[in-house]
Amino acid sequence: MEKNIIIKGVREHNLKGFDLNLPRNKFIVITGVSGSGKSSLAFDTIYAEGQRRYVESLSAYARQFLEQMKRPDVDHIEGLSPAISIDQKSAGKNPRSTVGTVTEIYDYLRLLYAKIGVVHCPGCGREIKRQSVDEIVDRILGLLRGKDRIQILSPIVKGRKGEYRRLFEDLKARGFVRVRVDGEIYHLDDEIRLEKNIKHHIDLVVDRIVVEDEDGLLERITDAVEVALKEGGGTLRVIIDESEYLFSEAFSCPVCEIDFEELSPRLFSFNSPYGACPHCEGLGARMMIDEELVVPDKSLSLMEGAIRPWGRGRYTYQMLQALADRFGFSMQVPFRDLDPKIQRMILYGPEDEEIWKYPDVKGFEGVIPWMMRRYRDPTSRWSRREVERYMRVIPCKECGGTRLNPVARAVKVGGMGIAEFTALPISEALSFIRNLKLSDREMAIAGEIIREIEARLEFLMSVGLGYLTLDRASSTLSGGEAQRIRLASQIGSGLVGVLYVLDEPSIGLHQRDNRRLIETLRRLCEIGNTLIVVEHDEEIIRSADHIVDLGPGAGEHGGWVVAEGTVDEICQVEESITGRFLSGKETIPVPERRVKPERGYLVIRGASENNLKNIDVAIPVGLFTCVTGVSGSGKSTLVNEILYKALARELNHARTSPGRHRAIEGVELIDKVIVIDQSPIGRTPRSNPATYTGAFTPIRELFSRTPEARKRGYKPGRFSFNVKGGRCEACEGAGLIRIEMHFLPEKYVECDVCKGSRYNRETLEVKYKGKTILDVLNMSVEEAYEFFRDIPAIERKLRTLLDVGMGYVRLGQPATTLSGGEAQRIKLAAELSRQSTGRTLYILDEPTTGLHFADVKKLLGVLFRLRDEGNTIVVIEHHLDVIKSADYIIDLGPEGGEEGGYVVATGTPEEVARSGTYTGEWLRRVLE
1 MEKNIIIKGV REHNLKGFDL NLPRNKFIVI TGVSGSGKSS LAFDTIYAEG
51 QRRYVESLSA YARQFLEQMK RPDVDHIEGL SPAISIDQKS AGKNPRSTVG
101 TVTEIYDYLR LLYAKIGVVH CPGCGREIKR QSVDEIVDRI LGLLRGKDRI
151 QILSPIVKGR KGEYRRLFED LKARGFVRVR VDGEIYHLDD EIRLEKNIKH
201 HIDLVVDRIV VEDEDGLLER ITDAVEVALK EGGGTLRVII DESEYLFSEA
251 FSCPVCEIDF EELSPRLFSF NSPYGACPHC EGLGARMMID EELVVPDKSL
301 SLMEGAIRPW GRGRYTYQML QALADRFGFS MQVPFRDLDP KIQRMILYGP
351 EDEEIWKYPD VKGFEGVIPW MMRRYRDPTS RWSRREVERY MRVIPCKECG
401 GTRLNPVARA VKVGGMGIAE FTALPISEAL SFIRNLKLSD REMAIAGEII
451 REIEARLEFL MSVGLGYLTL DRASSTLSGG EAQRIRLASQ IGSGLVGVLY
501 VLDEPSIGLH QRDNRRLIET LRRLCEIGNT LIVVEHDEEI IRSADHIVDL
551 GPGAGEHGGW VVAEGTVDEI CQVEESITGR FLSGKETIPV PERRVKPERG
601 YLVIRGASEN NLKNIDVAIP VGLFTCVTGV SGSGKSTLVN EILYKALARE
651 LNHARTSPGR HRAIEGVELI DKVIVIDQSP IGRTPRSNPA TYTGAFTPIR
701 ELFSRTPEAR KRGYKPGRFS FNVKGGRCEA CEGAGLIRIE MHFLPEKYVE
751 CDVCKGSRYN RETLEVKYKG KTILDVLNMS VEEAYEFFRD IPAIERKLRT
801 LLDVGMGYVR LGQPATTLSG GEAQRIKLAA ELSRQSTGRT LYILDEPTTG
851 LHFADVKKLL GVLFRLRDEG NTIVVIEHHL DVIKSADYII DLGPEGGEEG
901 GYVVATGTPE EVARSGTYTG EWLRRVLE
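Each step along the sequence shown adds one to the number in the UniProt record's numbering, with nothing skipped, and position 381 is 381.
Spelled out as structure tokens, the structure:
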């Protein structure tokens, strides 16, 4: 096998046809400024070719089920292995997917519980066991030690009405002597009179034994047990002295009369009708009307329209007034001051007792039942959509969000049900598995299963995910968490000779956990794999065996190998921006001054959502605040789930349900809240930086004012590729035609009418300064800025894109080709281009994702600019250069998951550096 991966003439995207020689079975980092071509080299060239060659080796039949990548623009690659890509894409939106199912741990758990699980009755909690006659007899003999009397009874009537005269006569005729009726012993020779309309419990007394001599005792008890089981349909009662015991040879609960099927893995699957909760069908949650959305402002009275769906309509007012007259409450007092019973009646309607007392209120069904009736009405789609505005997904009340039916939840291993186990943080789940006490028989059955579960839990711990729970929905994971889960699964697979390509695995990871991640990556190499990582984290770059630094700039200014080799070799190349930062020749300086909080605070009171421990958090207004802490400490819950959603509801009238908290003080100090996250700026190729930032509108208006356009009567819409008129109708403005290729990858071929231009011939005859609208869309932001420098409306929007380091993207670049970090910076640019009131709260979640040291420096300049205009900036971040540059830090912890959720330090970076927290320790090293 080749010792190196040899690449000749790579020209994918902006790569400039260079050659590269990469060592196999080594840890390789590809770095460089944003837009320099890292992903083009790692994913679009090396991974694409490795995957393509492997898929081509399969049969034509197999290939039709696999997505096949196109051949990259490269002259020659040799030394490739089958390639696996582990990127930042989220773990999918499937609501049935969890951390447990993605990692396959849940499959092993289902097997474990099916093989050695102990069934308990969901009704009474009694342990359910199938017992043979010999096992029952042995148990009775054990209970008899030191006792001298025993009665063996057979339950023949269980809670049924009747006189049962014929039953008693039949028992007497068959030689039985006594029965126990409703707890009283009767002789069958006596006349037994029972009330026929009352439910009775009748036990046949099979034998009464006085234990004097052990000779023949075993045989007598065995005979009695066999008779009792036969008469009682598989169950019997034993009374020893004053104690009573129940035995069953069937797999059923003799008390609740519930039969159980044999345990099998499908019983524990929430994706199977055998195991899923019948109410939520295994989803763990249901779409329900949320009271908080129905009455969003409880300070309003009913007269003022507290019931949002009803507003202040005349008919609904009359209904509520009639209710108020009947029950004596006021329509003028705030809703929150009404008696809780009255609030419940308004929302859910009167109860039977109230209707019985006041028959005239029977016609009032309650707001929420009224809405649900409209929601279920199949004839009105509009009504359904209207009601959905007041609904949200809430945990299923029947299964408590566990997704499983009662029988599956009642099976236990080591005293813990499968739903309880999957609700544990992975760190605690690992401890439970390690300390599980099993019998020799159970260990022989389940030993291998437990080893598999333990190994996979250890892999998740090794990539810093010990705070996650196995029942966490995969759709709620960040890109970094999803990537590290897939990484843990690959370690568990134990493959060798594979080429792994990773995209910034350090995203969302605190510096404390970086070392464990690096050790995990090294382990993949040590067992015989090649690892190519696109990364900006300094510690990971310094840990690499081989570094490839691309640049020197972005877009057309990038695409060259500026430096390659070890860290020391990179540092000696003067042209390498990465080398200059690694060597310390260039740094992100600590700000000379810290802005003091002088305009008050936004205070979150009693934050208790997820793992937050009822904390109060004060965020200074007008400052740049960093929320830090180890992964899983509660940062996103505090900022995104509570702060943003509460303010969006208060200021933007958004229909959101914030996480649990008592109140937010200081809302009057800001006038709007904007979240800038990494979600795409558009789901289709028709969305691009020009359309998103609004630069395309003045550009189209400019073209419509050219002499040629005015002569032809063209309006701005003529220059849009999204509407009829100026676009090519053959491809509807897409420029490409999609062709299905059966077992080959689907192809997008250039439209043969417009030749990929998106526009019709007449539109492209209109030019501004010699450029058509197509030429403009193909310009980079940097080129377009120079071209439109004299047009203020366009220049301002393009300048903000340059300010956030996006000068290399093309104006018409499809949104689907942008990374999460690029999308976030385009959103930031769009906000920058708007007129600021100086009282806006900006929330950013890890804005350094995908950013080189040089780009982080630019980003900080943008954030300082927003702050200096008087705005408040709140950033969730792990990047130490951003943290050290903040005016104020809120550090959560001390750990992740249940051990997190506290505020462990606050203050300036210097103050937090002295606090002794994990963030403080790393910050101290940077500041020193």
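Just so you know, even glycine gets a beta-carbon here, dropped at the ideal spot from N, CA and C. Since the structure is predicted, the reported quantities are computational estimates derived from the model, not experimental observations.
- Relative to Q511, the option among L880, E898 and A830 whose CA is nearest is L880.
- I346 is classed as buried because its beta carbon has at least 16 other beta carbons within 10 Å across all chains shown.
- Pairing C751 with L736, the inter-Cα distance amounts to about 5 Å.
- With contacts defined by Cβ atoms closer than 7 Å, A83 and G50 form a contacting pair.
- Taking one beta carbon from each stretch, the stretch 466-483 and the stretch 96-111 have 3 or more pairs nearer than 8 Å; the two touch.
- In the structure shown, the three-state DSSP call for S264 is coil.
- Q511 sits in a helix when the DSSP states are folded into three classes.
- Excluding five sequence positions before and after E732, none of the CB atoms of its chain fall closer than 7 Å to its own CB.
- Burial is judged here by how many other beta carbons sit within 10 angstroms of a residue's own beta carbon; Q813 has at least 16 and is buried.
- Taking the Cα of F432 as reference, the smallest distance to any Cα among I445, V413 and P334 is reached at V413.
- With fewer than 16 other Cβ atoms inside 10 Å of its own Cβ, Y315 counts as exposed.
- Annotation for P707: the continuous alpha helix (DSSP H) segment containing it runs P707 to R712.
- Our two residues, I664 and G328, have alpha carbons roughly 33 Å apart in a direct line.
- Note on geometry: alpha-carbon atoms of G417 and K199 lie some 35 Å from one another.
- Per DSSP, reduced to three states, the secondary structure at R867 is helical.
- When A654, S780 and K38 are compared, the shortest CA-CA separation from E12 is found for K38.
- Annotation: R789 is outside any alpha helix (DSSP H) and is labelled neither H nor E by DSSP.
- For C396, no beta strand (DSSP E) run applies, since DSSP gives it neither H nor E.
- Annotated three-state conformation of H557 is helix, per DSSP.
- With respect to the C-alpha of L188, the residue from V177, E701, N197 and P680 having the closest C-alpha is V177.
- Under the three-state reduction of DSSP, M371 is assigned to helix.
- Looking at the DSSP output, L531 bridges to F27 and Y500.
- Using a 10 angstroms sphere on the CB of D513, the tally of other CB atoms reaches 16 or more, which defines it as buried.
- Per DSSP, P82 lies in no alpha helix (DSSP H) and is assigned neither H nor E.
- The stretch 282-295 makes contact with the stretch 388-402, as at least three CB pairs between them are under 8 Å.
- Around the Cβ of H120, a 10 Å sphere holds 16 or more other Cβ atoms; the residue is buried.
- Contact check for K8 against A446 fails: the beta carbons are separated by 7 Å or more.
- About 5 Å separates the CB atoms of G805 and K858; that is less than 8 Å, so the two are in contact.
- Within the stretch 96-169, the complete beta strand (DSSP E) segments at least 3 residues long are 149-161, listed from N- to C-terminus.
- Look at R727 here: in three-state DSSP terms it is strand.
- Excluding sequence positions up to five before and after E163, its CB lies within less than 7 Å of the CB of L194 and K196, all in the same chain and listed in chain order.
- The three-state reading of DSSP puts E665 in strand, counting E and B together.
- Taking 7 Å as the cut-off, the beta carbon of R599 is found closer than this to the beta carbon of V621.
- Taking one beta carbon from each stretch, the stretch 703-714 and the stretch 766-775 have 3 or more pairs nearer than 8 Å; the two touch.
- Looking at the DSSP output, N21 sits in a beta bridge with I6.
- Its chain contains G807 as the residues whose beta carbon lies nearer than 6 Å to that of E782, once the 5 sequence neighbours on both sides are disregarded; these appear in chain order.
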